[in-house]
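Below: one structure, written as structure tokens.
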Amino acid sequence: MGIIINFLGDAAKIVFGSAVVGFFVPGLSGKITWAVLLGGIGVTAGFLISAVSLSKRLKQSKTL
């Protein structure tokens, strides 16, 4: 379960770095649109919420 939590946390960082930061600092690949920015924020939030939820569930199961 810990591996999945770490994966989701790392995936959130990668999506944030590529979509959200890329919107404000355009690179060689061209300009990132508003749709990509909002999609990146949504996916980042989804990954983080999933990681935190699984982490809390893991901690609760260990205390029981």
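Start counting the sequence shown at 1; every next residue gets the next number (my numbering). Cβ coordinates follow ideal geometry from the N, Cα and C atoms, glycine included.
- Message: Are the CB atoms of L54 and I4 within a distance shorter than 8 angstroms?
- Response: yes
- Task: Please specify which runs of the alpha helix (DSSP H), each continuous and at least 4 residues long, are wholly inside the stretch 3-27, giving them in chain order.
- Result: 21-24
- Query: Thinking C-alpha only, which one of T44, G40, V25, L38 is nearest F7?
  - Reply: T44
- Item | Pairwise C-alpha distance: G40 and F16 | 6 angstroms
- Task: Give a yes or no on whether the C-beta atoms belonging to A19 and A51 are separated by under 8 angstroms.
- Result: no
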